[in-house]
Amino acid sequence: LAAATAPISVDDGVLTVGATSGPWGAQATFLQAEILRKADEALGGGALASVRVVVRNPS
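Shown next as structure tokens:
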């Protein structure tokens with residue numbers, strides 16, 4: 002999952018994660034709670050409220 006996704010931005014407590022394809026986006030969406038927990042821990046806790054997953058073409 003880490004190879005196919007990347008953080009794009011954090012805005013108003015929402016972490017936007019980009020995925021390289023629809024299936025990877027679906028997997029990231031399925032794991033939103035875990036992604037949110039780990040990212041929030043890395044940022045010190047309380048910084049994030051939700052995760053938004055978007056599919057982007059790899060650059």
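Per my numbering, the sequence shown starts with residue 2, numbered consecutively. Just so you know, even glycine gets a beta-carbon here, dropped at the ideal spot from N, CA and C.
In the DSSP assignment, residue 57 falls outside any alpha helix (DSSP H) and carries neither an H nor an E. Approximately 10 angstroms separates the beta-carbon atoms of residue 37 and residue 14; this is outside 8 angstroms, ruling out the contact. Take residue 8, set aside five residues on each side of it, and the residues of its chain with a beta-carbon closer than 7 angstroms to its own are 16 and 18, in chain order. In this structure residue 54 touches residue 30 by the C-beta definition: roughly 5 angstroms separates them, less than 8 angstroms. In this structure, DSSP gives residue 32 a state outside helix and strand, which the three-state scheme calls coil.
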